[in-house]
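Undergrad: Residue numbers (this note's numbering): 2 to 307. Beta carbons are placed, not taken as given, at the ideal position from N, Cα and C, and that holds for glycine. Pasting in a structure now, in structure tokens, and then I'll have a few things to ask.
Take a look at the structure:
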């Protein structure tokens, strides 16, 4: 049986590769150190019985030319790169590694909150240019934090905020009243959260409902001193609307770990002084890579044991 593995982070881990190859000796790893295009993925998956897939696009076309593919073990938690209806239609098995990187993403989110409030990124860049400007910013403690999306990562963010004594507002498409009661936080409507929050942080999947969720209309409702954080998926935030809001002072600043295209096309946008950016590293801590990789291996092994 042939197994192929596409995620660059998995393929860099000798530990994970050793574990997988011990179970499935005929395993081929992606040596490109990048995600694969549709045509590259089709060529790479040729004759494969199973695949561990990361952010590579699995489309209806992909599946139609790979009739021998029996199972996809998703590395990571996002499913927006997978054509789920076509996967079901073709009878291909699919497993996910939900929750395995929640701590890593939540910690990056917290670091963004602290960095924006205390202006650490801006201060560091200025100092590297020889500018000694002592602007200390504001404390995170006591601020109103709006958490949009209260799944695995959103809940972890709520837990990490406890020592800071923040007022936390939670908005989710699901009923989170029990969680909110247990954690001493407030379930809120989307509109109220947007209007009241000092920091809005996004933890939602990319769907038709969430695409462009944060747009020009929403930015106008946010406070001028508010910050926006996105560690979920890039297209959840309309990039043109964000750019305009940052330049015009509609909001005070933003932090992004995700983008509509990765790497981003508009490098000029990244130079805005009130924008913090990282190259989609939220779920890529050493611990998260190992956890996601092990879960993907376990799911693969369990599928073929049945």
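Per DSSP, what are the beta-bridge partners of residue 52 in this structure?
TA: In DSSP, residue 52 forms a bridge with 5, 73.
Undergrad: Report the three-state DSSP secondary structure of residue 154 (helix, strand or coil).
TA: Three-state DSSP puts residue 154 in a helix.
Undergrad: So, residue 256 versus residue 230, is the Cβ gap smaller than 7 Å?
TA: Contact: yes.
Undergrad: Going by beta-carbon coordinates alone, are residue 96 and residue 158 separated by less than 7 Å?
TA: Against a cut-off of 7 Å, the Cβ pair of residue 158 and residue 96 comes out as no contact.
Undergrad: Going by the DSSP bridge assignment, what does residue 170 pair with across the sheet?
TA: Residue 170 pairs with 147, 187.
Undergrad: Going by C-alpha distance, which of 42, 32, 211, 185 is nearest residue 150?
TA: Cα-wise, what sits closest to residue 150 is 211.
Undergrad: With the cut-off set at 7 Å, would you say residue 165 and residue 198 are in Cβ contact?
TA: Against a cut-off of 7 Å, the Cβ pair of residue 198 and residue 165 comes out as no contact.
Undergrad: For residue 284 versus residue 261, is the C-beta spacing smaller than 7 Å?
TA: No, these two residues do not count as a Cβ contact at 7 Å.
Undergrad: What are the boundary residues of the alpha helix (DSSP H) that residue 275 is part of?
TA: Note, residue 275: premise wrong, no alpha helix (DSSP H); not H, not E.
Undergrad: Could you check which residue in 118, 233, 241 has the C-alpha nearest to that of residue 219?
TA: Ranking 118, 233, 241 by Cα distance to residue 219 puts 241 first.
Undergrad: Quick check on residue 134: does DSSP put it in helix, strand or coil?
TA: Coil at residue 134, not helix or strand.
Undergrad: Just checking residue 165 against the ligand ADP - is the residue's beta carbon closer than 6 Å to any of the ligand's heavy atoms?
TA: For the ligand ADP, the structure offers nothing, since it holds no ligand at all.
Undergrad: Mark residue 209 as exposed unless 16 or more other C-beta atoms lie within 10 angstroms of its C-beta, in which case mark it buried.
TA: Exposed, since its Cβ has fewer than 16 Cβ neighbours within 10 Å.
Undergrad: Going by DSSP, what residue range makes up the alpha helix (DSSP H) through residue 282?
TA: Note, residue 282: premise wrong, no alpha helix (DSSP H); not H, not E.
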